[in-house]
Every structure is written in C-alpha cells, then in structure tokens.
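Data block below; observations after.
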Amino acid sequence: MHAFDALGDPVRRRILELLSEGEQTSGAVTAAVRAEFGISQPAVSQHLRVLRESGLTSVRAEGTRRLYAVETAPLREIDAWLDRFRGFWQQRLDALDTELARGKRERRLRQGPGGTDGRETARHEVHDVGKERQ
1 MHAFDALGDP VRRRILELLS EGEQTSGAVT AAVRAEFGIS QPAVSQHLRV LRESGLTSVR
61 AEGTRRLYAV ETAPLREIDA WLDRFRGFWQ QRLDALDTEL ARGKRERRLR QGPGGTDGRE
121 TARHEVHDVG KERQ
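Numbers 1 to 134, taken from the UniProt record's numbering, label the letters of the sequence shown in order.
And the structure:
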C-alpha cells in the first residue's frame, strides 16, 4: 500500500499523530484510538498493520509488549512530493501574512498612549479642553 493510501484514513492519521510524540506500546495506541473512534481492538490492530506494511511505522518487541514508532523516510518522500505544490499556496500565505501585519500596524497606530484607541484619546482631549475653559 502506498503511503498516501494509508494516510487517507483518519484513524491511521491519528495513530501517526500519537506516535509522533514518541514510541508507544500497541496497548497505549489501541486505548487512545478506541476512546476517540469507538472501534474494536482488532480494528485498531488492522490499522497498525496497514501502517507497518506501508512503511510508515515500525514495530519492535520488548518482552511481551510491541512498541510502535514513526518511520520518517516515507514522510520525507511525501514532503518532497508536496514540495512541488507549495508554490501554489506559498504566495497566498505570504499575502495573508502581509495583510495580517498591516492590520496589526493599523491597530497600533489607532491606539493612543496607554493602549487606548484614538477615539478614546480624542474624547479625553475634548473633555480636558472643556475644563480649561471653565
């Protein structure tokens, strides 16, 4: 099975997320997945097998326990393939970043001393001028 096929399932993606935190026992993975997705232990075992056969995970025995870990090579291959397409959205992300920075700058400029916006500062100035006239 190709890595993209294996990643097409939300349960398998969640298993990889769990394993990205570090090596875990099959029991820990099974408990987390069963709690989140409500599937049986044999179903979780099947998902682990698919991930193992696709090369996305590895398993090693430690006594009676089975420890699963993420294999990074297939993920690097996926990243390299996706790199071809990053240009499509990178320009839009850069434009979004520019707009967010512009909005922050405008908010800062509208804020007066002490973090109030310009309208609040203007009200205080009018009030203070009125006091001087009295």
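Heads up, the beta-carbon is just placed ideally off N, CA and C, and yes, glycines get one too.
In this structure, does DSSP put residue i in helix, strand or coil?
i, result
"residue 56", "coil"
"residue 25", "strand"
"residue 87", "helix"
"residue 15", "helix"
"residue 64", "coil"
"residue 103", "helix"
"residue 5", "helix"
"residue 39", "coil"
"residue 20", "coil"
Name the one or two DSSP bridge partners that residue i has.
i, result
"residue 69", "58"
Among the options, which residue has its Cα nearest to the Cα of residue i?
i, options, result
"residue 74", "95, 34, 54", "54"
"residue 66", "108, 48, 38, 107", "48"
"residue 46", "88, 90, 6, 94", "6"
"residue 62", "95, 38, 23", "23"
"residue 9", "25, 26, 28, 33", "33"
"residue 26", "83, 71, 41, 109", "41"
Within this structure, are the beta carbons of residue i and residue j separated by less than 9 angstroms?
i, j, result
"residue 19", "residue 57", "yes"
"residue 3", "residue 77", "yes"
"residue 69", "residue 59", "yes"
"residue 29", "residue 15", "yes"
Buried or exposed: which applies to residue i, given that a residue is buried once 16 or more other Cβ atoms fall within 10 Å of its Cβ?
i, result
"residue 90", "exposed"
"residue 12", "buried"
"residue 51", "buried"
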